[in-house]
Structure formats: structure tokens, C-alpha cells
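Heads up: the sequence shown is residues 193 to 502, going by our numbering.
We treat Cβ as the ideally placed atom computed from N, Cα and C, and that holds for glycine.
Each remark here refers to the structure printed beneath this line.
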Amino acid sequence: MFKHPSSNVQLDLAELIALRGDATGFSLAPRRLLSTQGGDYRTRFRGRGMEFAEVRGYQAGDDVRTIDWRVTARRGKPHTKLFQEERERPLLLAIDYRRPMFFGTRGCFKAVQVSRLAALFGWRAQQQGDRVGAFLFSEEQHREIRPQRGKGAVLTLLRALVNDPSWQRPLHQPFEPKQRLVQTIVRLRRVARPGSLVILLSDFTQWDSEVEKQLSLLQRHNDLGLVFCYDRLERDLPPDGTYRVSDGSSDLTIMTQDDTARDLYRQRFADHLGRLRQFSRQQGCLLVPCATDDAPGKVLRDSFPAARGA
């Protein structure tokens, strides 16, 4: 298995570059994908599809549905539209660097995990000959990287991840968010080129009906994948006891002996994940849960299976 010295709370450019060796065994090519969440329904990416190439005179055996009636009327002879398979489907990675993403009790910060996943997606897209771009966002700002092709495009993405200002901000200072998740998705819709594969990597804090509406509009003209990153402490409280946690500036004591509180805590996470699952079922988009201590390469190989021999 691929291994590289890494940090749990910061990004390392050399590590993200080395992840190129782990970007195998999964595919972003159009195919029916088995969801990794509960239930055995399937979801389908539309894929590259067909694009118009040219018009030529009708020939025996041509599909009558492809006759171009305007050209036929103008020239007085039947003419047929020719199509070819689209050569690419741009990949746009939307990466969440809001403050809740800079948290983790096992494995790494959520922000580190989604960055590693983004690197793997980028390397795989490059191997498949697709263009790759990114949309990095926080509460204060966002950055757009136009989809480009080749190794240089992936390196541009990785440098943007490592150098994002979100890694330098003091997490414990009070702040006033300039934009909520729904406003970010509105901007993402404007950036995404129709026909793209858009993968949103986030913990989906601030998920609500308005976010669902904007993502539904986004998916009308694009394929959509959701990667839900979470820390296991967000799903379950630790065993009964008293725990002290710190953000480096202040301390907080947590007591986990109350069974009712534990149940309510667990249910809150289940409700959040349940709403994400319901949305993905209704929209037919892929939802990939990923914990901070999961191996990112394995998550993608399980969720985006490649054809045999790929």
C-alpha cells in the first residue's frame, strides 16, 4: 500500500504529489456506480455523451431520426447529422475549507482528508486525459481554478490546496461569516461548465432545503458527486467518562455518562446523514461517506469501481 510521511493537521505538497501512485483502481469514466451508502439502489453519471460533428448527404442505413430537416429543405436532398463521442468531461472539485473542516480526533483534520481525496481525483482525471479544475471555498472567500489538462494542471491544484489562506487563520478567534453554504453553491453553479463532473467534498455543515435546491439546479446540466467527510467523534461520543478538549486557546470538559444525551448526539448525526442520503436518492447522484481515519484511496476504489484490468 502507498505510504508517505504526513501531517494530520497540515498539508504537505510532497505528500499530495506522491498520492499519484495511489490514484489507481478507480475510474471517473461514465458508468453505473454502486452507491456506498445504505440501500442497494444505483446511480448513474451521464458521462460524455455525443456532440454534433457535421452534416452530410443521407446514405442508405442512416437513422432517420438524425435527418437534419432544415438542411434537407434548403438543399432539396436528405441530409443527416453526424455525431461523435465527446472527447472529455471536465472535472470540477469543490473543496470545503470552512472552519468546521479544521477538526479531527482520529486520523487527520477533515480539511486534510478532503484535500487528499481531491489530489487523488485530480491525478486520476489526468491519467484519463480529462481536464481538472477546482473551486476552493471558506466562510470569507472562494478561489476558482479553471479546468486544464495535464500534469501541470494537477500541480496547480495541489499548490492551491497547500497555499490556501484557510490554513493560516487562527481557529479560535471570533469571526463573522461573509457567506453561507447556499451562497457558495450559487457561485459554484456559475463556475461549473455544463457537462462537467462536479464533486463536492465537505462535511455539509449548514445543509438545508435551499442548498438542496441549488444543488438540484447544478445537477440539471452536470453530473454531481457528494463526498461527506466526518470525524467519528461527530458520530458517537467516546466511552463513559470525563474528557478535556482544547482548541489551543481554551479548554472544555465533556462528560459522556448520560445515556439520553448520548442517544440524542448519535441521532443528530444520523439525521444529518439521512438527509444527505435522501437527497442523493431523489437526485440520482452519488454520495460517498468518508471518515477522517479512512484510507482515501480505498474509499475511492470502493465507490468508483474501475473496469477489470483498469
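- Burial check for E246: the Cβ neighbour count within 10 Å stays below 16, so the residue is exposed.
- Per DSSP, the unbroken alpha helix (DSSP H) holding Y457 starts and ends at D451 to Q475.
- Closest option to V324, judged by alpha-carbon separation, among L492, L274 and L347: L347.
- When beta bridges are read from the DSSP output, V378 appears opposite no residue.
- Each residue's CA atom was taken as its position, placing Q319 and R267 some 45 Å apart.
- Under the 10 Å beta carbon count, I337 is surrounded by 16 or more other beta carbons and is classified as buried.
- Beta-bridge annotation (DSSP): H271 is paired with G249.
- For Q340, the enclosing beta strand (DSSP E) has its first and last residue at H334 to Q340.
- If the five residues before and after F420 are omitted, its C-beta is found closer than 8 Å to the C-beta atoms of S394, D395, F396, L465, L468, L479, V480, P481 and C482, all from its own chain and listed in chain order.
- With contact defined as three or more Cβ pairs closer than 8 Å, the stretch 294 to 302 and the stretch 408 to 425 are in contact.
- By the Cβ test, the stretch 397 to 404 is in contact with the stretch 370 to 380, since at least three Cβ pairs between them sit closer than 8 Å.
- In the DSSP assignment, G344 falls within the alpha helix (DSSP H) that extends over K343 to N355.
- Between A317 and L353 a beta carbon distance of about 15 Å is seen, past the 8 Å cut, so the two are scored as non-contacting.
- A Cβ-Cβ distance of about 4 Å is found for the pair C477 and L416, placing them in contact under the 8 Å criterion.
- Taking C-beta atoms under 8 Å as the contact rule, R308 and P488 qualify, at a distance of about 5 Å.
- Looking at the backbone, the Cα of L312 and that of T264 are separated by about 49 Å.
- At a Cβ-Cβ threshold of 9 Å, D322 and L220 count as neighbours.
- With contacts defined by Cβ atoms closer than 9 Å, L285 and L349 form a contacting pair.
- The beta carbons of V378 and N414 sit no closer together than 9 Å.
- Annotated three-state conformation of T216 is coil, per DSSP.
- C-alpha of G344 to C-alpha of Q411: approximately 28 Å in a straight line.
- Judged by DSSP in its simplified three-state form, F313 adopts helix.
- The three-state secondary structure of A221, taken from DSSP, is coil.
- Distances from the alpha-carbon of H271 to those of P282, L283 and T258 put T258 closest.
- It is roughly 5 Å from the alpha-carbon of A303 to the alpha-carbon of M293.
- The C-alpha of K273 is placed about 6 Å away from the C-alpha of D260.
- Residue nearest to D450 within the set T434, R460, L444 and D463 is T434 (criterion: CA-CA distance).
- Look at A303 here: in three-state DSSP terms it is helix.
- In this structure, L392 sits away from S472, with a CB-CB distance that is not shorter than 9 Å.
- Beta bridge pairing from DSSP links R436 with T445.
- Linking V256 to Y250 through their CA atoms gives a straight-line distance of about 9 Å.
- Here S388 has P282, L284 and N414 as same chain residues with Cβ atoms under 6 Å from its own Cβ, once five neighbours each way along the sequence are excluded.
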